[in-house]
Amino acid sequence: MEGAAASAATGALQPVVEKLTALLGKEYERFNLARGEIEPLAHELSAVKALLVEKSEIEDPGEEDRLWMKDVRELSYDIEDSLDEFMLHATGDESAKPDGFLEKIRSLLESTKSRHRIAQEIEDLKKNVAGGNQSCRAVHNQPVANANNASIDPRALATFEDVTKLVGIDGLNGELDRLLEQDRAGDGSVQQQTRVISIVGSGGIGKTALAHQVYQNLEGRYNHRAFLSVSRNPDIRGILRSILYEVVRQEDFEAVIEGDYVSRVAGEDQLITKIREYLTGKRYFIVLDDIWNVKTWNSIKDIFPMTSCGSKIITTTRINDVAQDCCRSSINGDIYNMAPLSMAESTQLFYRRLFNPEEKCPSHLEEIAGQILEKCAGLPLAITAISGLLSSMEKTKEQWDQVKNSIGHGLEGNSSDEVMLKILSLSYFDLPLHLKTCLLYLSIFPKYYTIGKENLIRRWIGEGFIHEQNGIAAYDSGERCFNDLINRGLIQPGGTDKFYEVNSCRVHDTVLDFIASKAIEENFVTSIGVPGVNLTAGNKVRRLSIQNDGEIPSGLVLSSIRSLSVFGGNVEIPSLLEFRLLRVLAFEDCRQLKDDHLADVGNLLHLRYLRLNNAHAVTELPEKTAELQNMGTLEVHGQDTIMEIPAAICQVERLECLVTLVVTDDYAILPDKIVDMKALRVLEGVSVYRQSIDFIKGLAELTNLRKLGMIFVNSYADEEWEEKYKEIVSSIYKLTKSSLDSLHIYTLNEPPELLDNLSKEHPEPLGLRELVIEGDAVSGLAAWWGLLVNLRKLLFCAVEGVSEEDVQTLGSLSYLEYLCVHLWDAPEDPEVKAPLEKAMKDHPNRPKLVWIDEY
Numbered sequence: 090m091e092g093a094a095a096s097a098a099t100g101a102l103q104p105v106v107e108k109l110t111a112l113l114g115k116e117y118e119r120f121n122l123a124r125g126e127i128e129p130l131a132h133e134l135s136a137v138k139a140l141l142v143e144k145s146e147i148e149d150p151g152e153e154d155r156l157w158m159k160d161v162r163e164l165s166y167d168i169e170d171s172l173d174e175f176m177l178h179a180t181g182d183e184s185a186k187p188d189g190f191l192e193k194i195r196s197l198l199e200s201t202k203s204r205h206r207i208a209q210e211i212e213d214l215k216k217n218v219a220g221g222n223q224s225c226r227a228v229h230n231q232p233v234a235n236a237n238n239a240s241i242d243p244r245a246l247a248t249f250e251d252v253t254k255l256v257g258i259d260g261l262n263g264e265l266d267r268l269l270e271q272d273r274a275g276d277g278s279v280q281q282q283t284r285v286i287s288i289v290g291s292g293g294i295g296k297t298a299l300a301h302q303v304y305q306n307l308e309g310r311y312n313h314r315a316f317l318s319v320s321r322n323p324d325i326r327g328i329l330r331s332i333l334y335e336v337v338r339q340e341d342f343e344a345v346i347e348g349d350y351v352s353r354v355a356g357e358d359q360l361i362t363k364i365r366e367y368l369t370g371k372r373y374f375i376v377l378d379d380i381w382n383v384k385t386w387n388s389i390k391d392i393f394p395m396t397s398c399g400s401k402i403i404t405t406t407r408i409n410d411v412a413q414d415c416c417r418s419s420i421n422g423d424i425y426n427m428a429p430l431s432m433a434e435s436t437q438l439f440y441r442r443l444f445n446p447e448e449k450c451p452s453h454l455e456e457i458a459g460q461i462l463e464k465c466a467g468l469p470l471a472i473t474a475i476s477g478l479l480s481s482m483e484k485t486k487e488q489w490d491q492v493k494n495s496i497g498h499g500l501e502g503n504s505s506d507e508v509m510l511k512i513l514s515l516s517y518f519d520l521p522l523h524l525k526t527c528l529l530y531l532s533i534f535p536k537y538y539t540i541g542k543e544n545l546i547r548r549w550i551g552e553g554f555i556h557e558q559n560g561i562a563a564y565d566s567g568e569r570c571f572n573d574l575i576n577r578g579l580i581q582p583g584g585t586d587k588f589y590e591v592n593s594c595r596v597h598d599t600v601l602d603f604i605a606s607k608a609i610e611e612n613f614v615t616s617i618g619v620p621g622v623n624l625t626a627g628n629k630v631r632r633l634s635i636q637n638d639g640e641i642p643s644g645l646v647l648s649s650i651r652s653l654s655v656f657g658g659n660v661e662i663p664s665l666l667e668f669r670l671l672r673v674l675a676f677e678d679c680r681q682l683k684d685d686h687l688a689d690v691g692n693l694l695h696l697r698y699l700r701l702n703n704a705h706a707v708t709e710l711p712e713k714t715a716e717l718q719n720m721g722t723l724e725v726h727g728q729d730t731i732m733e734i735p736a737a738i739c740q741v742e743r744l745e746c747l748v749t750l751v752v753t754d755d756y757a758i759l760p761d762k763i764v765d766m767k768a769l770r771v772l773e774g775v776s777v778y779r780q781s782i783d784f785i786k787g788l789a790e791l792t793n794l795r796k797l798g799m800i801f802v803n804s805y806a807d808e809e810w811e812e813k814y815k816e817i818v819s820s821i822y823k824l825t826k827s828s829l830d831s832l833h834i835y836t837l838n839e840p841p842e843l844l845d846n847l848s849k850e851h852p853e854p855l856g857l858r859e860l861v862i863e864g865d866a867v868s869g870l871a872a873w874w875g876l877l878v879n880l881r882k883l884l885f886c887a888v889e890g891v892s893e894e895d896v897q898t899l900g901s902l903s904y905l906e907y908l909c910v911h912l913w914d915a916p917e918d919p920e921v922k923a924p925l926e927k928a929m930k931d932h933p934n935r936p937k938l939v940w941i942d943e944y
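The sequence shown runs 90 to 944 under my numbering.
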């Protein structure tokens, strides 16, 4: 069954209530579970949950309340685990027993009542439950996202762009750009000395954003690069290991293997020697972000040769003494001071988020706006967060006054850290319960990590944070949550797709530190390999993130882990036998992952989400993957070799998303019986000519499919290619007449006449909203476009510009919002582009038109 959304605040209490109710259904009649015993328990737990939610809204609860909340959250997780185990085996195992979970629930309630002050509050809430309990019902039925937040506010994106410009590389009259170029002689040649530049400024002022911008801008100039967070309590050996891995991985495979071996067995002195050997005589670029003391810099600096082909080291710090010491290590070191924004710049940023360009701030809000900005102390992050908070409220003097007063009196004299902490805390506690949970989950990712939107939303679904509700699909609800967090300024857009829609996000390191502390406080996420995070022996881990070179220490209780995320090539892969209750399993950039590491994946019977990203050494999924009947998403990305997808995977009836995307021309062959998986909503990576005719015919039967990605590589065409071609045309037609919303076609070598044939054989209107055609140019486009009456987004290739017929057809698409055209020969003649540009300008929707010169 699909339970209600779990949350960080309530643990798993609401799902427990719903699963208890489910035990009274016909499926469990043979266990003779007494209705008179279960219904009162569920009733009372609803009251406990309502009280827990109420107390979680308090910014600083008392110690007694804090302990009580922790007890309830942890016991609710344990109870749900027991329920899940029982319900999983009950239908197929005649000997299954309730396993004592009713006794655990009674223990939970006795624990709450033992705190006498809270017991009376529970009794009061129980009376409300008996009468309908509007407060409890409001919490349970709280919409996953307000309809007003269904999309990203363009003003939010403009605000992030403004921050980049204000703190960017050309700030302060281009001083940083000048410092970066000072290693060049008058004739343009590169001087030999390594240059150290230390960016210094208060927290939230944009140091990391600036360093990251520089790092990206100079990518092509350096063969050996690394960007690492040092932080307040650094693991020096871990940092050295990460630097060694990063600088050697751009070399040949043998260097990577040697570097990996050395990093695992060497001490700090050996690592320093090895890194110096690698970097001597090479041109390198290293960014060391967030250094807090001179001792840390002195522990690291000796690894860098200071006469190395114009290499660069950039450090960021909040402390002037640290910046000065960093620069002393280089003959031509320099400090770049980042100053707070001026009041004029702060006001520009603030108003840009809250008002449209043609609007002005109402006169009755101007004074309050100025007072709020004074408290923000010129910190871009603070201004972004507070304006994002205000954007979700009515623009009234009362509301803004309340926010101003909540920030605190006399905050202007406090440190930047205190300013940021107060504003982030205010923004966090204003979030609805479901958004708090979605935000806290981001602490599972490493610093500076670019998080794909689809990946994140499918993780949320796998964790049970969001689900289908009130007719809105789970993914759509998750997308609204993602957009709302960007609109509130709590996450930053990481990148956009070709239609200029945000497809990834990043978390500012100050925000990440804040949510990580909250996640630790609520035992929501446990991170290993993160400097400064202290683990408590005997603690039950619920969600585990292993990063950098982290190794699982002894003493942690791993039997209750629901989510395991492993990041990077230095991490030791743990045995899956320890994680029987896993719901989410993800390996990101784990080149050390091998087939035998996944051998026990079939034992993870609760698994809902499995992701393998850049796991190059994995060649096949185990046959036992078919036993994972709860799995809804399987993603395989970035393989160098063909990964074998077992035919048995087709037995997973709940699988909604199957993505097999690779980076070579050797595309995965999918089992024929995938077409029996009627729950599929997303299917990508289908290499048409490598599939059987039965597979292609069967695609038409996937009536729930919303997104289909296909690949045509003519070098794979066999003697049946014409029949396959005919059948794929028929299947596409049938899918577009049912639920298919998005179609992506990639062609390589000789382009097919797919769309031409489709328009001739099936001239009826079709329901697609998004069509992407990449690779080689495809013929017969205009004839087909006219059938796409609901089309919102279109990308295609044009060989010699766009014909008059194309222009007329595109102009007739009433709902078109985005149009991307790849000019095959990239002509510069403006006359080639002019007709389509005019058509889009005259179009009622004024679609966004983008000319793509290359992919």
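Beta carbons: idealized from backbone N, C-alpha and C, even for Gly.
{"Item": "Give me the residue from A704, P711 and E568 with the minimum Cα distance to G727.", "Value": "A704"}
{"Item": "Would Y589 be called buried (16 or more neighbouring beta carbons within 10 Å of its own) or exposed?", "Value": "exposed"}
{"Item": "With a threshold of 8 Å, are at least 3 pairs of Cβ atoms found where one atom belongs to the segment 363-380 and the other to the segment 405-423?", "Value": "yes"}
{"Item": "Among I609, K138, L529 and P394, whose alpha-carbon lies nearest the alpha-carbon of R284?", "Value": "P394"}
{"Item": "So, E640 versus I617, is the Cβ gap smaller than 9 Å?", "Value": "yes"}
{"Item": "Helix, strand or coil for W940? Go by DSSP, reduced to three states.", "Value": "strand"}
{"Item": "Does the distance from the CB of L747 to the CB of E716 come in under 9 Å?", "Value": "no"}
{"Item": "Using 9 Å as the threshold, is the C-beta distance between I550 and Y564 below it?", "Value": "yes"}
{"Item": "Buried or exposed: which applies to S505, given that a residue is buried once 16 or more other Cβ atoms fall within 10 Å of its Cβ?", "Value": "buried"}
{"Item": "DSSP three-state call for A219: helix, strand or coil?", "Value": "Any reading at A219 needs caution, since the residue's pLDDT is 47, under 50, leaving its predicted position unreliable; the model's value is listed next. The answer is helix: DSSP assigns A219 an H, G or I state."}
{"Item": "Can you tell me the Cβ-Cβ gap for K525 and A239, rounded? I've got them flagged as a contact below 8 Å.", "Value": "Contact flag wrong, Cβ pair sits at about 20 Å."}
{"Item": "Under the three-state reduction of DSSP, which class applies to S532: helix, strand or coil?", "Value": "helix"}
{"Item": "What residue from L671, L513, V646 and N793 has the CA that sits closest to L823's CA?", "Value": "In the sequence as displayed, the identity of residue 823 is Lys instead of Leu. Looking at the Cα atoms, N793 is the closest of the given residues."}
{"Item": "DSSP three-state call for N659: helix, strand or coil?", "Value": "coil"}
{"Item": "Could you round the C-beta distance between S331 and D638 to whole angstroms and report it? I think they count as a contact, below 8 Å.", "Value": "7 Å"}
{"Item": "Based on the DSSP secondary-structure assignment, which residues constitute the bridge partners of T404?", "Value": "S287 and L377"}
{"Item": "Would the segment 480-490 count as touching the segment 542-556 if we require 3 or more Cβ pairs under 8 Å?", "Value": "no"}
{"Item": "Let's test the definition: count the other Cβ atoms within 10 Å of the Cβ of A101 and tell me whether it reaches 16, buried, or not, exposed.", "Value": "buried"}
{"Item": "E557 by DSSP, collapsed to three states: which one?", "Value": "coil"}
{"Item": "So, helix, strand or coil for L470, using DSSP?", "Value": "helix"}
{"Item": "Given 8 Å as the limit, is there contact between the segment 566-578 and the segment 643-660, that is, 3 or more CB pairs closer than that?", "Value": "no"}
{"Item": "Run the CB neighbour count on K930, radius 10 Å, all protein chains shown included, and call it buried at 16 or more, exposed below.", "Value": "exposed"}
{"Item": "For H726, does the three-state DSSP call read helix, strand or coil?", "Value": "strand"}
{"Item": "With a CB to CB cut of under 6 Å and the five nearest residues on each side skipped, what residues in its chain are close to G422?", "Value": "V285 and C416"}
{"Item": "So, at 7 Å on beta carbons, what are the nonlocal neighbours of T708 in its own chain, with the 5 sequence-adjacent residues on each side left out?", "Value": "D684, T730, M732 and E733"}
{"Item": "Helix, strand or coil for F613, going by three-state DSSP, please let me know.", "Value": "coil"}
{"Item": "On the DSSP bridge list, what partners appear for E733?", "Value": "E709"}
{"Item": "What is the rounded straight-line gap between the Cα of A247 and the Cα of L470?", "Value": "14 Å"}
{"Item": "Give me, in chain order, the residues of the same chain whose beta-carbon lies closer than 7 Å to that of I241; leave out the 5 immediate sequence neighbours on both sides.", "Value": "N572, I575, N576 and V591"}
{"Item": "Give every residue of the same chain whose Cβ lies closer than 6 Å to the Cβ of P620, excluding the five residues on either side of it in the sequence, and list them in chain order.", "Value": "S320, N322, P323 and D324"}
{"Item": "What does the alpha-carbon distance come out to for the pair R631 and A131?", "Value": "23 Å"}
{"Item": "Helix, strand or coil: how does DSSP classify A101 here?", "Value": "coil"}
{"Item": "For M799, which residues does DSSP report across the bridge?", "Value": "V775 and I834"}
{"Item": "Keeping to the same chain, check which residues put their C-beta closer than 7 Å to that of Q460; ignore five residues upstream and five downstream.", "Value": "K493"}
{"Item": "Do H313 and K371 have their CB atoms nearer than 9 Å?", "Value": "yes"}
{"Item": "Using 8 Å as the cut-off, can you tell me whether the segment 287-303 makes contact with the segment 434-446, which would need three or more C-beta pairs spanning the two stretches below that distance?", "Value": "no"}
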